[in-house]
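Numbering (our numbering), first residue to last: 159 to 379.
For reference, the structure is listed below as structure tokens.
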């Protein structure tokens, strides 16, 4: 066999291996997407190495190509997020709809999330946890001192990055607060929240000037 044929054969083999790695990467991400838990780049690299023997210097290229397939075939896209444990990805819908939080299957949890995001957005900043519990209790979405429901916000929605739950201040003035998480920023349009408020109070969305300005800027970006 001539050197040219050998080179061509080697090139074709490399291309086939990369194609297999891309397909496996897509499959892995789609399976993991259901949990909404961020996927570590290191986990993807480990999986590709064990299933396709993909070398570490090809992982970034494989992820980039896999993201193209996710957009084209599944309507998803990868969003890179930084964390203390390294690069991670969340999977969100490529096209923004009314509210992608609708992929949360539990109706009560979905209502709790939208209510929590609305409360944070309409108050204009981080919300203290005791104020959040009071708000959700008065809205009839959780019983007072319902620790199971509270864990949905402090644990589940936080791990899924719909909410950010953190401590601010030190000593006696330290408080835990809720803010919008990165997944919510990607999936839940501010105008959707504002329209829900307008429906509930019989107002026009621009009744809330600051929130309307922010939602309009977001919608046009």
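The beta-carbon is built from N, C-alpha and C at its ideal position, and this holds for glycine as well.
Treat the numbers as computed from the prediction; the structure is a model and nothing was measured.
Thinking C-alpha only, which one of the options is nearest residue i?
i	options	result
residue 200	218, 327, 189, 264	218
residue 368	279, 210, 226	279
residue 179	211, 195, 352	211
residue 190	347, 250, 320, 269	250
residue 267	221, 376, 242, 315	315
residue 220	241, 174, 356	174
residue 228	305, 341, 274, 252	252
residue 120	312, 327, 188, 307	Nothing can be reported for residue 120, as the shown portion of the chain is limited to 159 through 379.
residue 356	325, 276, 343, 292	276
residue 321	308, 198, 300	308
residue 298	329, 317, 270	270
residue 352	323, 341, 370	370
residue 296	216, 273, 310	273
residue 242	248, 198, 192	198
residue 196	247, 176, 208	247
residue 215	209, 379, 176, 366	176
residue 347	328, 324, 375, 366	375
Could you please give the first and the last residue of the uninterrupted beta strand (DSSP E) stretch that includes residue i?
i	result
residue 194	Run containing residue 194: none; DSSP gives neither H nor E here.
residue 262	First-last for residue 262: undefined, no H or E at that position.
residue 251	244-251
Report buried or exposed for residue i, applying the criterion of at least 16 other Cβ atoms within 10 angstroms of its Cβ.
i	result
residue 373	buried
residue 265	exposed
residue 256	Any answer about residue 256 is weak, because its pLDDT of 47 lies below 50 and its placement is not dependable; what the coordinates show is given next. That one is exposed.
residue 205	buried
residue 225	buried
residue 203	buried
residue 345	buried
residue 213	exposed
residue 326	exposed
residue 393	Residue 393 is absent from the model: the chain starts at 159 and stops at 379.
residue 222	exposed
According to DSSP, is residue i part of a helix, a strand, or is it coil?
i	result
residue 318	coil
residue 164	Residue placement at residue 164 is poorly supported in this model, since its pLDDT is 45, which falls under 50; the coordinates are not used for a value here.
residue 219	helix
residue 368	helix
residue 178	helix
residue 237	strand
residue 362	coil
residue 303	coil
residue 328	coil
residue 173	helix
Looking at the unbroken alpha helix (DSSP H) that takes in residue i, where does it start and where does it end?
i	result
residue 357	348-359
residue 341	340-345
residue 294	287-296
Please determine whether the Cβ atom of residue i lies at a distance below 7 Å from any heavy atom of the ligand ATP.
i	result
residue 218	This structure lacks the ligand ATP, and indeed carries no ligand of any kind.
> Is it a yes or a no for the stretch 235-243 touching the stretch 176-184, going by three-plus beta-carbon pairs under 8 Å?
Replying inline: no
> Contact between the stretch 345-363 and the stretch 321-334: three or more CB pairs below 8 Å?
Replying inline: no
>> Quick test of the definition: if touching needs 3 or more C-beta pairs under 8 Å, does the stretch 337-349 touch the stretch 277-286?
In response: yes
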